[in-house]
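Trainee: My questions will all concern the structure given below.
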């Protein structure tokens, strides 16, 4: 059985074609710069590639081109889309409406689009991709997998903000959390490799990348996470400021003369590692600059490490213990220096890592010492595979 996994944004449409027989990726790619000019990047498992500028006025044209890439020409991997059993879509924001993976209907697409106010960069793009898919593949079932669904188990005392309760009731202002698909994948993988039931474990999952979030998982459920109403909250990120005093936001906006949209852009696109270092949002660049003696780059790196370490301690406290810590995401999987600094001076919590074993990138590996009371693992995430598995489970229920 073959499943197409789609991750659409406001101006992009990433995809993977997965053979569920062995869970192998047949082809993958990205239709980028939708609504601007358009570019297709496509690669097959055999190594054949397409790099092509295309006209992508909307997501519909992008979806048509990815179908062509999969079925025609030298990079074709299937004879027709009739071989595709279903399409699984990543959806960033499901709010309190969608608490689990859902079969897509016209009504579901409309509801996803209506949530665009809570995720303006993402949800409208998701809806456009679903409409494009229904137009071109009307008989192929579609499934929506929500990033926020995993965090719907967070208790009210943890997801509420200190605004008047009416703001929650009327405007749905609360912590939603994100990266749920990634946190769900790596924690399940951890339980598998430890040979234990996830319901018996207390785990802290650190998804670290350009966007980062830390999640406490107890009894197999998310009980708190660092991202909040939007992905802006929590630890310092590539271009996002993370958690700050709300009064600092209004103060800085006033000093710069920013309106709401300008301040939102300032916090999301010009802050974080980029804003502190003045050099880059990429942690690799930050590390290199820090090693060369750049004080602001070192400060940016230290701020991120401090945030992660602080959240690990806080989440261990609310779970009354800790069995394992996971590092995943672009930084978590590929920055041994970050992992080492986070785990340094954490012996009081039972965390001890082997610095030599930790010196690697991009592999599944246990990096804690044999006498560490808390196991520390690096687990590469695979959100697309989890979406494909969820999609397969849903269509098998039909």
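Residue numbers (the numbering used here): 2 to 399.
Beta carbons are placed, not taken as given, at the ideal position from N, Cα and C, and that holds for glycine.
When the Cα atoms are used, what is the spatial distance from residue 332 to residue 301?
Mentor: 14 Å
Trainee: Among all the DSSP beta bridges, which residues are the ones paired with residue 32?
Mentor: In DSSP, residue 32 forms a bridge with 14 and 41.
Trainee: Closest to residue 385 by C-alpha separation, out of 17, 11, 9 and 10, would be which residue?
Mentor: 17
Trainee: Under the DSSP definition of a beta bridge, which residues are partnered with residue 143?
Mentor: 88
Trainee: In chain order, which beta strand (DSSP E) runs of at least 3 residues are fully inside the stretch 109 to 177?
Mentor: Taking only runs of at least 3 residues, the beta strand (DSSP E) segments lying wholly in the stretch 109 to 177 are 143 to 147.
Trainee: Is the Cβ-Cβ distance between residue 26 and residue 87 less than 8 Å?
Mentor: no
Trainee: Around the Cβ of residue 348, are there at least 16 other Cβ atoms within 10 angstroms (buried) or fewer (exposed)?
Mentor: exposed
Trainee: From residue 275 to residue 242, what distance separates their C-alpha atoms?
Mentor: Rounded to the nearest whole angstrom, the CA to CA distance from residue 275 to residue 242 is 9 Å.
Trainee: Cutting at 8 Å between CB atoms, please list the residues of its own chain near residue 150, excluding the five before and the five after it.
Mentor: 95, 99, 100, 101, 102 and 181
Trainee: Can you tell me which of the three DSSP states residue 248 falls into?
Mentor: helix
Trainee: Would you check if the distance between the CB atom of residue 64 and the CB atom of residue 137 is smaller than 8 Å?
Mentor: yes
Trainee: Once the 5 residues before and after residue 1 are set aside, which same chain residues still bring their CB inside 6 Å of it?
Mentor: Any answer about residue 1 is impossible in this case: the structure gives the chain only from 2 up to 399.
Trainee: Counting pairs of beta carbons, one from the stretch 25 to 43 and one from the stretch 64 to 80, are three or more of them closer than 8 Å?
Mentor: Under the three-pair Cβ rule at 8 Å, the stretch 25 to 43 counts as touching the stretch 64 to 80.
Trainee: Using only the alpha-carbon positions, how far apart do residue 205 and residue 350 sit?
Mentor: 13 Å
Trainee: Do the stretch 316 to 324 and the stretch 275 to 290 meet, that is, are 3 or more Cβ pairs less than 8 Å apart?
Mentor: no
Trainee: Out of 43, 59 and 111, which one is the CA nearest neighbour of residue 78?
Mentor: Comparing Cα-Cα distances from residue 78 to each of 43, 59 and 111, the minimum goes to 43.
Trainee: Based on Cα-Cα distance, which residue from 107, 184 and 9 lies nearest to residue 454?
Mentor: One cannot answer for residue 454 here, as it falls past the ends of the chain, which runs 2 to 399.
Trainee: Using a Cβ-Cβ cutoff of less than 8 Å, which residues in the same chain neighbour residue 271 once the five nearest sequence positions on both sides are dropped?
Mentor: 240
Trainee: Checking 8 Å against the spacing of the C-beta atoms, do residue 61 and residue 133 come in under that value?
Mentor: Yes, Cβ-Cβ distance for residue 61 and residue 133 is below 8 Å.
Trainee: Quick check on residue 319: does DSSP put it in helix, strand or coil?
Mentor: Of the three classes helix, strand and coil, the one that applies to residue 319 here is helix, per DSSP.
Trainee: Looking at the structure shown, is residue 344 part of a helix, part of a strand, or coil, going by DSSP?
Mentor: When secondary structure is reduced to three states using DSSP, residue 344 falls in the helix class.
Trainee: Since residue 215 is in the beta strand (DSSP E), which residue starts that stretch and which ends it?
Mentor: 214 to 219
Trainee: Is the beta carbon of residue 393 sitting closer than 8 Å to the one on residue 381?
Mentor: no
Trainee: Give the secondary structure of residue 236 by DSSP, where H, G and I count as helix, E and B as strand, and everything else as coil.
Mentor: coil
Trainee: Tell me whether residue 312 sits in a helix, a strand or coil according to DSSP, three-state version.
Mentor: helix
Trainee: By Cβ distance, which residues of its chain are closer than 7 Å to residue 254, with the 5 residues on each side in sequence left out?
Mentor: 264
Trainee: Are residue 391 and residue 370 touching if we call contact CB-CB under 8 Å?
Mentor: no
Trainee: So residue 8 is in the beta strand (DSSP E); what residue range does that whole segment cover?
Mentor: 3 to 9
Trainee: Counting only the same chain and skipping the five closest in sequence on each side, list residues whose C-beta sits under 7 Å from that of residue 75.
Mentor: Once the five neighbours on either side are set aside, the close Cβ partners of residue 75 are 49.
Trainee: So the candidates are 147, 59, 177 and 109; which of them puts its Cα closest to the Cα of residue 233?
Mentor: Comparing Cα positions, the closest option is 177.
Trainee: Compare the Cα-Cα distances from residue 57 to each of 328, 85 and 14 and report the closest residue.
Mentor: Among 328, 85 and 14, the Cα nearest to that of residue 57 is on 14.
Trainee: When the distance is taken between beta carbons, is residue 7 closer than 8 Å to residue 1?
Mentor: Here the chain covers residues 2 to 399 and nothing more, so residue 1 does not appear.
Trainee: For the stretch 191 to 211 and the stretch 219 to 233, state whether three or more C-beta atom pairs, one from each stretch, are separated by less than 8 Å.
Mentor: yes
Trainee: By how many angstroms is the C-alpha of residue 186 removed from the C-alpha of residue 113?
Mentor: 23 Å
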